[in-house]
Amino acid sequence: MKNIITVLFVGATLYSCTKPENKASENKVAEPEIKTVGTAEPVVTPTQEVKESSEENKKEIVQELSAFPIQQVIKGYLPLKNALTQDDSKKASDAAKNLFSILKKIDISKTNVKSNSELRDILESASENAEHIGENTDDIGHQREHLLALSNDITDLIEEVGTGGLKLYQDFCPMYNNGKGGTWISETKEIVNPYEGSKMLNCGSVKKVL
């Protein structure tokens with residue numbers, strides 16, 4: 009009996025000695041591992057993302073803007089003017105229809121010029137005059153009347169946006185319109201009159217170099 013008590017006492021002593029170690033081991037395993045990061049990655053906030061996106065959109069809008077197509081307009085006008093110097097109303101009508109198409113496609117808001125009502129009015133007037141010339145194939149007199157108004161519109165456009173690098177001349181015929189005279193735009197220094205045609209082909213003078 010004495011030996012049994014001794015064995016139990018020794019066993020209890022051993023259990024009490026080993027139990028704390030097990031707890032310490034369990035606590036050690038349970039502790040989370042802490043990692044040290046050398047360089048922290050930058051955090052991009054939603055506000056920064058929106059700002060950067062907005063700036064990119066602005067750049068895209070600026071890049072989309074194009075120069076006012078004044079060269080295209082002038083190159084649409086010149087064949088019309090030249091057709092009337094040859095007394096060719098049919099060719100003038102075809103050229104006027106082409107110019108009308110060019111003018112109607114222009115969207116000022118997509119160009120790098122200031123969107124102002126004056127420029128819109130000029131384009132509207134030029135379109136109407138081109139349309140009249142295109143519709144009056146059998147009335148060259150009426151076509152020439154509208155060429156005068158159209159030439160003034162083209163001159164006004166050039167004053168607003170320039171010639172686009174083209175060298176042009178503003179010519180003047182003193183005989184046209186019952187002596188009131190009339191101007192037109194030409195690509196050559198030589199006078200070739202669209203208002204009088206073959207009747208007085210070289211009547212007029214250079215009024216201004218554009």
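Take 9 as the starting number for the sequence shown in the numbering used here and just add one per residue. Note that beta-carbon positions come from the ideal geometry of N, C-alpha and C, so glycine has one too.
By the neighbour-count definition (other C-beta atoms within 10 Å, threshold 16), R128 is an exposed residue. Membership of G190 in the beta strand (DSSP E) is indicated by the continuous run 190-194. Around L176, the same chain offers I82, I166, I193, S194, E195, V217, L218 as residues with beta carbons nearer than 8 Å, after the five sequence neighbours per side are excluded. Counting every other CB atom within 10 Å of its CB across the protein chains shown gives L73 a total below 16, marking it as exposed.
Contact between Q79 and G172 holds: CB atoms are separated by about 4 Å, below the 8 Å threshold. A residue is called buried once 16 or more other Cβ atoms fall within 10 Å of its Cβ, and S206, having fewer, is exposed. As computed with DSSP, Y177 is found in a beta bridge with S194, V217. Out of N137, D164, N144, the CA that lies nearest to the CA of L155 is found in N137. Inter-segment contact for the stretch 86-101 and the stretch 139-154 is present: three or more beta-carbon pairs are separated by less than 8 Å.
Each residue's CA atom was taken as its position, placing T191 and D179 some 5 Å apart.
For S125, the enclosing alpha helix (DSSP H) begins and ends at 125-143. The beta-carbon distance between D161 and I130, rounded to whole angstroms, is 6 Å. This is short enough to meet the 8 Å contact definition.
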